[in-house]
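Position one of the sequence shown corresponds to residue 5 (the working numbering), numbered consecutively onward. Let me begin by presenting the structure, written as structure tokens, before commenting on it.
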Amino acid sequence: MNQNIIDVINSLGETDKLYFVGEVDLSEIVQAAEALNVEFAKDFVEYTHKFGAISVDDMEICGIIDDAPYLSTVDRTLDMREMFSDFPMDCYVIESVGIDNAVMVQKSDGKIYQFLHGHDLLFAADSLSEYLLNGGDFRKERVEYWKARSND
């Protein structure tokens with residue numbers, strides 16, 4: 005599935021309340037990528053350029069934002085790198101899962117994975133568009149899995 009990320013986000017805003025930061029200058033996006041020493045995926049650049057960061061339904065997707073560290077891809081990625089030596093250096097955080105410090109990350113090829121310290125990356129979606137269209141179903145399933153596991 006390779007739908008335009010802007011169209012996907014706009015369509016989500018038709019059914020759920022969409023909150024977004026606002027447009028981000030491309031030079032700020034380049035600076036953020038340089039700060040992390042990563043290459044952002046094309047859809048992530050398009051998304052952050054148009055929206056900055058978003059919240060829709062029960063998902064808060066990180067982006068380029070200065071005044072909300074919990075939604076800042078740069079801040080969240082740097083935090084994860086500091087906390088976990090096995091955090092992959094070619095990834096950046098796009099969403100916090102909210103349990104056991106698990107986060108959703110993206111690679112420069114656009115693929116989305118779940119990172120959980122001490123585990124291999126777990127594939128979630130081929131693109132940010134696919135991840136958003138699935139409503140974060142992968143993330144929800146993983147949260148339920150970890151909740152059940154922690155009750156054992």
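Ideal Cβ positions, reconstructed from N, Cα and C, are used throughout, including at glycine.
Let me check understanding here. Comparing Cα to Cα, which of the options lies closest to residue i?
| i | options | result |
| --- | --- | --- |
| residue 24 | 36, 67, 31, 85 | 67 |
| residue 100 | 78, 94, 47, 30 | 78 |
| residue 196 | 133, 102, 131 | An answer regarding residue 196 cannot be provided, because it is not within the stretch 5 to 156 covered by the chain. |
| residue 135 | 126, 125, 115, 124 | 115 |
| residue 59 | 7, 130, 19, 104 | 19 |
| residue 91 | 125, 104, 98 | 125 |
| residue 131 | 107, 106, 104, 98 | 98 |
| residue 105 | 94, 127, 74 | 74 |
| residue 107 | 80, 129, 28, 93 | 80 |
| residue 95 | 16, 10, 38 | 38 |
| residue 138 | 27, 61, 55, 28 | 61 |
| residue 27 | 127, 70, 55, 76 | 55 |
Starting from residue i, follow its DSSP beta bridges and name the residues at the other end.
| i | result |
| --- | --- |
| residue 4 | Given that the chain is displayed from residue 5 to residue 156, the structure contains no residue 4 and the question cannot be resolved. |
| residue 64 | 59 |
| residue 22 | 60 |
| residue 118 | 108, 126 |
| residue 100 | 107 |
Residue range of the alpha helix (DSSP H) that residue i falls in?
| i | result |
| --- | --- |
| residue 35 | 30 to 40 |
| residue 160 | Residue 160 lies beyond the stretch modelled for the chain, which goes from 5 to 156, so this question has no answer here. |
| residue 134 | 132 to 137 |
Mind reading off the beta-carbon distance from residue i to residue j? Whole number of angstroms is fine, and I expect it under 8 Å.
| i | j | result |
| --- | --- | --- |
| residue 12 | residue 89 | No, residue 12 and residue 89 are not in contact; Cβ-Cβ is about 34 Å, not under 8 Å. |
| residue 65 | residue 57 | 6 Å |
| residue 30 | residue 53 | 6 Å |
Inter-stretch contact at 8 Å, needing at least 3 Cβ pairs: the stretch 41 to 49 / the stretch 108 to 128: yes
The stretch 117 to 133 contacting the stretch 25 to 40, beta-carbon criterion three pairs below 8 Å: no
Three or more C-beta pairs below 8 Å linking the stretch 79 to 86 and the stretch 45 to 62: no
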